[in-house]
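Peer 1: Following this message is one structure expressed as structure tokens.
Protein chains: 2
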Amino acid sequence: MRTVNVALAERAYPIRIGQSLLAKPELILPYLKTPRVAIVTNEVVAPLFLIRLVEGLTDAGVAVESIILPDGEVHKDWPTLNLIFDGLLASRCERSTTLIALGGGVIGDMTGFAAATYQRGVPFIQIPTTLLSQVDSSVGGKTAINHPLGKNMIGAFYQPRLVLADIDTLQTLPDAELKAGLAEVIKYGFIRDLPFLEWLEANLDAILAKDPTALTFAVERSCINKAEVVANDETEQGERALLNLGHTFGHAIEAGLGFGAWLHGDAVAAGTVMAAELSARLGMLQSSDVDRVRRIFERAGLPVVGPRLGAERYIELMRHDKKVEAGRLRLILLKEIGQGIISDATPLADIEAAINACCA
Amino acid sequence: MRTVNVALAERAYPIRIGQSLLAKPELILPYLKTPRVAIVTNEVVAPLFLIRLVEGLTDAGVAVESIILPDGEVHKDWPTLNLIFDGLLASRCERSTTLIALGGGVIGDMTGFAAATYQRGVPFIQIPTTLLSQVDSSVGGKTAINHPLGKNMIGAFYQPRLVLADIDTLQTLPDAELKAGLAEVIKYGFIRDLPFLEWLEANLDAILAKDPTALTFAVERSCINKAEVVANDETEQGERALLNLGHTFGHAIEAGLGFGAWLHGDAVAAGTVMAAELSARLGMLQSSDVDRVRRIFERAGLPVVGPRLGAERYIELMRHDKKVEAGRLRLILLKEIGQGIISDATPLADIEAAINACCA
Ligand SMILES: NC(=O)c1ccc[n+]([C@@H]2O[C@H](COP(=O)([O-])OP(=O)(O)OC[C@H]3O[C@@H](n4cnc5c(N)ncnc54)[C@H](O)[C@@H]3O)[C@@H](O)[C@H]2O)c1
Ligand SMILES: NC(=O)c1ccc[n+]([C@@H]2O[C@H](COP(=O)([O-])OP(=O)(O)OC[C@H]3O[C@@H](n4cnc5c(N)ncnc54)[C@H](O)[C@@H]3O)[C@@H](O)[C@H]2O)c1
Ligand SMILES: [Zn+2]
Ligand SMILES: [Zn+2]
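Encoded structure:
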């Protein structure tokens with residue numbers, strides 16, 4: 001088992017990464033305030049992992065409530081969040097009851113928000129079961145639900161006391177979901193960790209084959225990268241923006257086709273290629289570097305060209321991204337492979353040219 | 001104008017108290033992040049005060065959105081909260097837009113929770129317009145909405161950047177609402193401020209007549225008391241519990257008759273008499289002290305006897321109060337007039353006797 005510590009002002013907490021962690025309640029017990037938990041999961045994840053977790057905790061003397069939500073991003077909304085509150089209140093859960101999220105990023109984000117707001121805040125533990133949630137959404141304390149007028153518009157910053165990333169859970173994950181997480185893993189290499197990128201290039205096949213050792217390393221190294229960025233910049237003023245590499249272009253793809261048409265990871269991959277292409281046009285990357293970006297995404301089975309929405313439409317959609325303040329278009333570019341930079345003043349003509357060069 | 005500073009770990013903020021504050025946008029401007037605000041108010045308060053506030057801000061160059069909610073505690077719920085999010089998103093309010101609550105505690109609690117969670121937190125200003133909200137709910141950073149299974153069950157701790165208590169707004173306040181606030185004002189005297197209690201005894205008629213000088217002093221002194229308690233104990237472990245004088249008994253009255261049957265302030269007054277009676281039975285107060293407690297509430301037009309629910313029912317309801325952890329009955333008693341204490345081990349027989357002595 002590996003441990004990554006997230007060093008945050010208010011409270012540091014550990015991420016444990018390894019195999020068979022679900023069946024080890026002793027990893028959880030030290031983080032409970034009282035021997036009572038409410039596990040929040042969904043209809044897909046519950047049959048796979050819930051019993052294992054409940055049995056371990058029950059044997060260890062912990063009183064367990066389970067709340068099983070419908071599956072899917074469409075249910076990351078208030079009515080579903082309210083099912084969590086209904087369950088907590090019906091079983092009279094107290095301020096000292098710990099909420100445990102068991103599932104992907106949707107369950108993690110919703111349960112985290114429920115923990116942040118139930119009786120104004122209760123203890124929270126994350127057990128992420130998708131690659132994306134293990135390497136991205138469970139680190140950094142962002143929680144949220146969607147509003148019909150915008151994704152993740154209602155939420156809170158709320159840190160868990162513990163994250164348990166059990167690599168074994170990834171064995172049942174559909175390939176498309178594995179790739180979605182991989183896009184974010186690769187991103188860490190591009191923005192700040194060249195040695196990790198090189199390791200990924202050498203070990204991509206092992207990851208795609210879900211080799212536990214390779215997965216453990218990839219998750220650990222991703223968490224280290226995200227934790228460092230978040231600890232340096234908890235309030236998202238500077239460095240944390242680097243995590244948005246490929247995301248502003250990607251947002252335009254997702255919004256332009258209607259959310260859900262493309263997987264987020266697919267949009268991020270194609271968006272990252274656009275960012276690389278733009279970086280080359282601005283003289284920061286070589287064209288061989290852009291090829292290198294394309295190649296790793298292609299090998300991972302991720303798309304490297306965007307849909308042909310027209311460059312103007314892309315830019316219009318990019319301007320409406322939540323991350324844009326006062327209409328200023330802030331892009332993450334690559335100064336070189338392994339080093340992202342924030343650019344606030346890229347000429348529109350170059351952005352358009354890069355988009356046009358990367359659309360099917 | 002008087003200023004009370006709330007000294008909190010994360011951020012201190014001022015409470016300004018005085019007349020004609022609504023018409024002074026210069027009090028607000030220094031606390032805005034960008035010249036854009038969204039004012040949240042309700043159908044009763046909007047016709048009284050909204051135009052004055054909007055005109056001042058608009059003249060000062062601030063872009064203003066207004067969101068007008070239905071009135072009443074029954075609307076302190078998710079669907080109404082969602083009207084705030086709808087309004088913010090429809091007008092594309094950004095993370096830098098300041099939310100202003102203009103109204104009583106219901107508007108303040110809901111707007112504060114919206115500010116805590118819209119895009120994971122936006123700047124927040126309180127303009128409380130009831131006595132209760134000026135002396136109690138706008139100080140301390142508690143925000144919340146109700147759930148069908150419990151009051152204030154979903155919320156956050158979130159501090160405003162500024163509180164503006166314009167005493168003039170109290171002129172239109174119905175008498176019943178003035179008295180509700182007065183119950184909390186008197187409470188501060190009993191738990192920690194004997195000189196203030198004496199001042200209240202001498203100036204109660206001026207307050208009931210809404211004399212601005214008397215009201216300004218009462219609001220200021222109340223805010224000082226609450227701010228000190230909150231600053232000493234932000235996370236509600238110890239001293240802050242003193243603020244619940246009369247509230248555990250009062251909760252039983254409110255819950256026993258169905259919420260809304262009695263005004264909260266009425267229940268607190270009758271509950272405080274019970275707490276005083278119990279304190280006397282335990283040898284801490286003289287019976288003349290209990291008479292003193294009764295007398296000030298009577299003069300304020302507040303009830304001093306509770307409904308006859310039966311002592312057992314009272315105790316059962318008291319056990320279900322949110323503030324009770326693990327079934328332990330924690331009561332606030334009076335060691336003497338002007339000094340509250342927390343009691344975790346009061347004999348049940350004495351509690352029953354005190355209740356029986358104070359029911360109609
Ligand atoms: N909080 C953050 O910082 C952050 C960062 C990135 C993304 N997110 C959010 O994360 C969400 C996406 O997360 P996600 O990609 O994990 O999606 P998800 O939670 O919807 O999971 C994807 C699918 O896999 C299923 N699943 C989960 N674990 C499984 C397993 N072990 N085996 C088989 N199936 C399994 C899920 O039920 C779901 O159907 C989005 O809502 C996004 O906004 C949050
Ligand atoms: N956050 C806290 O720490 C805290 C503390 C105590 C109470 N509260 C909450 O506060 C709420 C009660 O607040 P409240 O007593 O102000 O009730 P309220 O907000 O419902 O106001 C009472 C009534 O007076 C009206 N009103 C407001 N200002 C007026 C004015 N100037 N003139 C005429 N009418 C006016 C309101 O529209 C309403 O009809 C409850 O929901 C309670 O849970 C919160
Ligand atoms: Zn992403
Ligand atoms: Zn009260």
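First to last, the protein sequences are chains A and B. Here the first sequence is numbered in UniProt numbering, starting from 1 and rising by one per residue. Here the second sequence is numbered in UniProt numbering, starting from 1 and rising by one per residue. Heads up, the beta-carbon is just placed ideally off N, CA and C, and yes, glycines get one too. Just so we're clear, the structure is a prediction, and the values are computed from it rather than from any experiment.
Please confirm if the region 113-122 of chain A is in contact with the region 146-156 of chain B, defined as three or more CB-CB distances below 8 angstroms between the two stretches.
Peer 2: yes
Peer 1: Measuring straight from C-alpha to C-alpha, what distance separates B:L242 and A:G189?
Peer 2: Walking along the second sequence from the start, residue 242 of chain B turns up at place 242. Walking along the first sequence from the start, residue 189 of chain A turns up at place 189. So the alpha carbons of these two residues sit roughly 54 angstroms apart.
Peer 1: Measure from the alpha carbon of A:V293 to the alpha carbon of each residue in A:E234, A:Q339, A:P70, A:R308, then state which is nearest.
Peer 2: One-based indexing of the first sequence puts residue 293 of chain A at position 293. When each option's Cα is compared against that of A:V293, the closest is A:Q339.
Peer 1: Determine, using beta-carbon pairs with one atom in the region 334-348 of chain A and one in the region 122-136 of chain B, whether at least three such pairs fall under 8 angstroms.
Peer 2: no
Peer 1: Take every Cβ of the region 8-21 of chain A, pair it with every Cβ of the region 32-44 of chain A, and state whether three or more of those distances are shorter than 8 angstroms.
Peer 2: no
Peer 1: Within the same chain, show all residues whose beta-carbon is closer than 8 angstroms to that of B:L69, passing over the 5 residues directly before and after it, in chain order.
Peer 2: The residue given as residue 69 of chain B occupies position 69 in the second sequence. Counting only Cβ-Cβ distances below 8 angstroms, and skipping sequence neighbours, we find V40, T41, N42, E43, H75, T80, L83, I84, I107, M110.
Peer 1: In this structure, does DSSP put A:M318 in helix, strand or coil?
Peer 2: On the first sequence, position 318 is the one that residue 318 of chain A refers to. Note: A:M318 maps to helix in three-state DSSP.
Peer 1: So, are the CB atoms of A:I296 and A:E184 less than 8 angstroms apart?
Peer 2: Counting from 1 along the first sequence, the entry for residue 296 of chain A is found at position 296. Counting from 1 along the first sequence, the entry for residue 184 of chain A is found at position 184. No, these two residues do not count as a Cβ contact at 8 angstroms.
Peer 1: CB of A:E73 to nearest heavy atom of ligand 1: below 7 angstroms?
Peer 2: Reading the first sequence from its first residue, position 73 is the one you call residue 73 of chain A. At least one heavy atom of ligand 1 is nearer than 7 angstroms to the Cβ of A:E73, so yes.
Peer 1: In chain A, which residues lie less than 7 angstroms from B:N203 when you measure between Cβ atoms?
Peer 2: Position 203 of the second sequence, counted from the start, is the residue given in the question as residue 203 of chain B. Below the 7 angstroms Cβ cutoff, chain A contributes no neighbours of B:N203, its closest Cβ being approximately 35 angstroms away.
Peer 1: Report the rounded CA-to-CA distance for B:I253 versus B:A267, giving the unit in angstroms.
Peer 2: Within the second sequence, numbered from 1, the residue matching residue 253 of chain B stands at position 253. Within the second sequence, numbered from 1, the residue matching residue 267 of chain B stands at position 267. If you take the alpha carbons of B:I253 and B:A267, they lie about 6 angstroms apart.
Peer 1: Measuring from the CB of B:V229, is there a heavy atom of ligand 4 at a distance below 7 angstroms?
Peer 2: Along the second sequence, read from residue 1 onward, the residue named residue 229 of chain B stands at position 229. B:V229 Cβ: outside cutoff for every heavy atom of ligand 4.
Peer 1: Does the CB of A:I154 have a neighbour CB from chain B at under 8 angstroms?
Peer 2: Position 154 of the first sequence, counted from the first residue, corresponds to residue 154 of chain A. Closer than 8 angstroms: yes.
Peer 1: Determine the burial state of A:H264: buried for a count of at least 16 other Cβ atoms within 10 Å of its Cβ, exposed for fewer.
Peer 2: In the first sequence, the residue the question calls residue 264 of chain A occupies position 264. Buried.
Peer 1: Would you say the beta carbon of residue 415 of chain B is closer than 7 angstroms to some non-hydrogen atom of ligand 4?
Peer 2: Because chain B in this structure spans residues 1 to 360, residue 415 of chain B falls outside the shown range and cannot be described.
Peer 1: Can you find a C-beta in chain A that's less than 8 angstroms from the C-beta of B:K142?
Peer 2: The sequence position of residue 142 of chain B within the second sequence is 142, counting from 1. Yes, B:K142 counts as interfacial toward chain A.
Peer 1: Does any residue of chain A have a CB that is nearer than 8 angstroms to the CB of B:N82?
Peer 2: Locating residue 82 of chain B in the second sequence gives position 82, where the first residue counts as 1. Closer than 8 angstroms to some Cβ of chain A, the Cβ of B:N82 qualifies, so yes.
Peer 1: How about A:V62 and A:P35: do their beta carbons lie closer than 8 angstroms?
Peer 2: Here residue 62 of chain A corresponds to residue number 62 of the first sequence, with the count starting at 1. Here residue 35 of chain A corresponds to residue number 35 of the first sequence, with the count starting at 1. Contact flag set, yes.
Peer 1: Is the beta carbon of B:I17 less than 8 angstroms from the beta carbon of B:V219?
Peer 2: Reading the second sequence from its first residue, position 17 is the one you call residue 17 of chain B. Reading the second sequence from its first residue, position 219 is the one you call residue 219 of chain B. Yes, the pair counts as a contact, with Cβ atoms nearer than the cut-off.
Peer 1: The beta strand (DSSP E) that contains B:K335, what's its start and end?
Peer 2: Reading the second sequence from its first residue, position 335 is the one you call residue 335 of chain B. From DSSP, the beta strand (DSSP E) with B:K335 extends over 331-336.
Peer 1: To be precise: take each residue of the region 114-129 of chain B, compare its Cβ to all Cβ atoms of chain A, and keep it if any distance is under 8 angstroms. Which residues remain?
Peer 2: A116, T117, Y118, Q119, R120, G121
Peer 1: Distance, Cα to Cα, B:H251 vs B:M318?
Peer 2: Along the second sequence, one-based indexing puts residue 251 of chain B at 251. Along the second sequence, one-based indexing puts residue 318 of chain B at 318. Distance from the CA of B:H251 to the CA of B:M318, rounded to the nearest whole angstrom, comes to 7 angstroms.
Peer 1: Taking just the CA atoms, how far does B:G141 sit from B:E234?
Peer 2: Stepping through the second sequence from its first residue, residue 234 of chain B is reached at position 234. Stepping through the second sequence from its first residue, residue 141 of chain B is reached at position 141. Cα to Cα, B:E234 sits roughly 9 angstroms from B:G141.
Peer 1: Can the beta-carbon of B:F249 be found closer than 8 angstroms to that of B:G283?
Peer 2: Start at 1 with the first residue of the second sequence, and residue 249 of chain B comes out as number 249. Start at 1 with the first residue of the second sequence, and residue 283 of chain B comes out as number 283. Not a contact, by the Cβ cut-off of 8 angstroms.
Peer 1: Under 8 angstroms, CB to CB, which of the residues in the region 71-101 of chain B have a partner in chain A?
Peer 2: For the region 71-101 of chain B, which is checked against every Cβ of chain A, the residues closer than 8 angstroms are W78, N82, F85, D86, L89, A90, E94, R95, S96.
Peer 1: Does any CB atom of chain A fall closer than 8 angstroms to the CB of B:H147?
Peer 2: Counted from its first residue, the second sequence places residue 147 of chain B at position 147. Yes, B:H147 lies at the interface with chain A (some Cβ there is under 8 angstroms from its Cβ).
Peer 1: Closer than 7 angstroms to a non-hydrogen atom of ligand 2 - does that hold for the CB of A:L245?
Peer 2: As a working mapping, residue 245 of chain A is identified with position 245 in the first sequence. No, ligand 2 has no heavy atom inside 7 angstroms of this Cβ.
Peer 1: Rounding to the nearest angstrom, what Cα-Cα distance links B:G256 and A:W78 in this structure?
Peer 2: Here residue 256 of chain B refers to the residue found at position 256 when the second sequence is read from its first residue. Here residue 78 of chain A refers to the residue found at position 78 when the first sequence is read from its first residue. So the two alpha carbons sit approximately 30 angstroms from each other.
Peer 1: Closest to B:L182 by C-alpha separation, out of B:G260, B:A269, B:D166, B:L245, would be which residue?
Peer 2: For the purposes of this step, residue 182 of chain B is taken as the residue at position 182 of the second sequence. Just measuring C-alpha positions, the residue of B:G260, B:A269, B:D166, B:L245 sitting nearest B:L182 is B:A269.
Peer 1: To the nearest angstrom, how far is the alpha carbon of A:L22 from that of A:P128?
Peer 2: Locating residue 22 of chain A in the first sequence gives position 22, where the first residue counts as 1. Locating residue 128 of chain A in the first sequence gives position 128, where the first residue counts as 1. Near 11 angstroms, if we compare the C-alpha coordinates of A:P128 and A:L22.
Peer 1: Please report the straight-line C-alpha distance between B:G306 and B:A144, rounded to a whole angstrom.
Peer 2: By one-based count along the second sequence, residue 306 of chain B stands at place 306. By one-based count along the second sequence, residue 144 of chain B stands at place 144. Whole-angstrom Cα-Cα distance: 28 angstroms.
Peer 1: Interface residues of chain B around A:F157 at Cβ under 9 angstroms?
Peer 2: Start at 1 with the first residue of the first sequence, and residue 157 of chain A comes out as number 157. In chain order: R120, G121.
Peer 1: Roughly how many angstroms lie between the CA atoms of B:E277 and B:V290, to the nearest whole one?
Peer 2: As a first step, residue 277 of chain B must be located in the second sequence, where it is residue number 277. As a first step, residue 290 of chain B must be located in the second sequence, where it is residue number 290. Between B:E277 and B:V290, the C-alpha separation is close to 6 angstroms.
Peer 1: Hey, would you say the C-beta of A:T111 is under 7 angstroms away from at least one heavy atom of ligand 1?
Peer 2: The residue you call residue 111 of chain A lines up with position 111 of the first sequence. At a cut-off of 7 angstroms, the beta-carbon of A:T111 does not count as near ligand 1: no heavy atom of the ligand is closer than that.
Peer 1: Evaluate B:P174 with the Cβ neighbour count: other Cβ atoms within 10 Å of its Cβ, from every protein chain shown; 16 or more gives buried, anything less gives exposed.
Peer 2: The residue labelled residue 174 of chain B in the question sits at position 174 within the second sequence. Exposed is the call here.
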